[in-house]
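> Position 90 (the sequence shown) corresponds to 90 in UniProt numbering; numbering is contiguous.
Every residue, glycine too, gets a C-beta built ideally from N, C-alpha and C.
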Amino acid sequence: MEVDNEGETEMASLELEDDDDLTLEQVLEMMEVAWLNEKFAPEILPHKREIVELLLGQITYLEERLQQLPSTDFKKGIHQMEIDRLRYLLTSYLRLRLEKIETFHKQILLEEEKRADENEALYLSPKELEFAQEFEQDLEAHLAANMNFCPNWQESTATERIVQPNLNSMVFLKAKKDVEGIAIDDGKAESSDLIDLASGSQVLINYNNVASLVKNGDVHLI
Numbered sequence: 001m002e003v004d005n006e007g008e009t010e011m012a013s014l015e016l017e018d019d020d021d022l023t024l025e026q027v028l029e030m031m032e033v034a035w036l037n038e039k040f041a042p043e044i045l046p047h048k049r050e051i052v053e054l055l056l057g058q059i060t061y062l063e064e065r066l067q068q069l070p071s072t073d074f075k076k077g078i079h080q081m082e083i084d085r086l087r088y089l090l091t092s093y094l095r096l097r098l099e100k101i102e103t104f105h106k107q108i109l110l111e112e113e114k115r116a117d118e119n120e121a122l123y124l125s126p127k128e129l130e131f132a133q134e135f136e137q138d139l140e141a142h143l144a145a146n147m148n149f150c151p152n153w154q155e156s157t158a159t160e161r162i163v164q165p166n167l168n169s170m171v172f173l174k175a176k177k178d179v180e181g182i183a184i185d186d187g188k189a190e191s192s193d194l195i196d197l198a199s200g201s202q203v204l205i206n207y208n209n210v211a212s213l214v215k216n217g218d219v220h221l222i
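Below is the structure:
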C-alpha cells in the first residue's frame, strides 16, 4: 500500500517466492488466519515466517511514506491508526507463540530436535528457538538452585515434568475447501465415524483429528 503526498492510499502488490502477487489486504487476511489458528490451537503451529516478513516490510514502508505527509493533513492520523492495527495483529501473533513456548518449552524443544534429526521443517523461528533454549536453561538453573527446598523433586523424572498441550481439546473450525473423511471420535476405534465438510461449513471437533488440516490450510480455527 502506498501513501502519496496528498494522503491518498493505493494498494500495491507484494511478490512471494513463487512469483504470486498479493495485495496488502490478502497478506493481512493470511496474517489474521495465522493469528486465529495460533490463538485457538492447543499446540504451537509452524511459524508463518514469510507472511510475518512481508507484513513487517510493508509496515516499515508505510511508516516511511507516512512521514512524507504534512503534519496538518488530517488523513495522517487515519493512516497511523491503520499502521497501529497492523502492528497489533503482528505483535499479538508473536506474543501468543511466546506464551506457548514458555508453557510447553520442554515438549516443544524435544519435538524441534526430532524434526531437525529427520530433516523436517522446524516450527520455531531462529529467534524463537533461541528464546526457548535460554528459557529452558534459566528454568533448570533456577530449579537446581532451589532443589534443597524440595526434597522430593529428585524423585521425579524429566518426562514427568514435561507439560504437554491437550491435543484432544475441542475447537471450532471453518473449512476453506471441501474436505472428506474427517474422524469425529478419538480415532482409536476400529471403525471411526467420518464426516465430510463442504467449503465454508463450520464444525466443533476434536483438534487432534484436524491438526494436519489446520497446518496445511484446508481449514482454519475460529
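1) Are the Cβ atoms of glutamine 202 and lysine 174 separated by less than 7 angstroms?
2) Tell me which same chain residues have a C-beta within less than 7 angstroms of the C-beta of leucine 89, skipping the five on either side of it?
3) How far does the alpha helix (DSSP H) with histidine 142 in it extend, from its first residue to its last?
4) Report yes or no: do three or more beta-carbon pairs, one from the stretch 41-53 and one from the stretch 63-75, lie closer than 8 angstroms?
5) If we ignore side chains and look at the alpha-carbon of each, how far apart do threonine 23 and alanine 116 end up?
6) So is alanine 198 buried or exposed if we call it buried at 16+ other beta carbons inside 10 Å?
7) If you draw a straight line from the C-alpha of glutamate 155 to the C-alpha of valine 52, how long is it?
8) Would you mind listing the beta strand (DSSP E) stretches within the stretch 160-197 that are 3+ residues and don't spill past its ends, in chain order?
9) Quick one: what does DSSP say histidine 220 is sitting in, helix, strand or coil?
10) Look up aspartate 84 in the DSSP assignment and say whether it is helix, strand or coil.
11) Just to confirm before moving on: does the CB-CB distance between isoleucine 182 and isoleucine 162 stay below 7 angstroms?
12) Return yes when the Cβ of leucine 221 is within less than 7 angstroms of the Cβ of valine 179, no when it is not.
13) According to DSSP, which residues form a beta bridge with asparagine 209?
14) Restricting to Cα atoms, I'd like to know which of Glu112, Phe74, Ile108 and Leu86 is closest to glutamate 25.
15) What residue from Gln164, Glu111 and Lys106 has the CA that sits closest to leucine 139's CA?
16) Residue range of the alpha helix (DSSP H) that leucine 62 falls in?
17) Within the same chain, show all residues whose beta-carbon is closer than 8 angstroms to that of phenylalanine 104, passing over the 5 residues directly before and after it, in chain order.
18) Cα separation between proline 46 and phenylalanine 74?
19) Cβ atoms of tyrosine 207 and leucine 167: under 7 angstroms apart, would you say?
20) Does the distance from the C-beta atom of valine 214 to that of asparagine 37 stay below 7 angstroms?
21) Can you tell me the Cα-Cα spacing of phenylalanine 131 and serine 92, whole angstroms?
22) Tell me where the alpha helix (DSSP H) around leucine 24 begins and ends.
23) When DSSP builds the beta bridges, which residues end up paired with valine 214?
The answer reads as follows:
1) yes
2) Met31, Glu32 and Trp35
3) 126-145
4) no
5) Distance between the alpha carbons of threonine 23 and alanine 116 is about 34 angstroms.
6) exposed
7) The predicted model places glutamate 155 with a pLDDT of 49, which falls under 50 and marks its position as unreliable; any figure quoted below should be read in that light. Each residue's alpha carbon lies about 43 angstroms from the other.
8) 170-175, 179-183 and 194-197
9) strand
10) helix
11) Contact annotation: isoleucine 182 and isoleucine 162 have beta-carbon atoms that are not nearer than 7 angstroms.
12) no
13) Looking at the DSSP assignment, asparagine 209 forms no beta bridge with any residue, so it has no partner.
14) Between glutamate 25 and the set Glu112, Phe74, Ile108 and Leu86, the nearest pair of CA atoms involves Leu86.
15) Lys106
16) 49-66
17) Glu43, Ile44, Val163, Gln164 and Pro165
18) 40 angstroms
19) yes
20) yes
21) 17 angstroms
22) First-last of the alpha helix (DSSP H) with leucine 24: 24-40.
23) Answer by DSSP bridge pairing: none, since valine 214 is not bridged.
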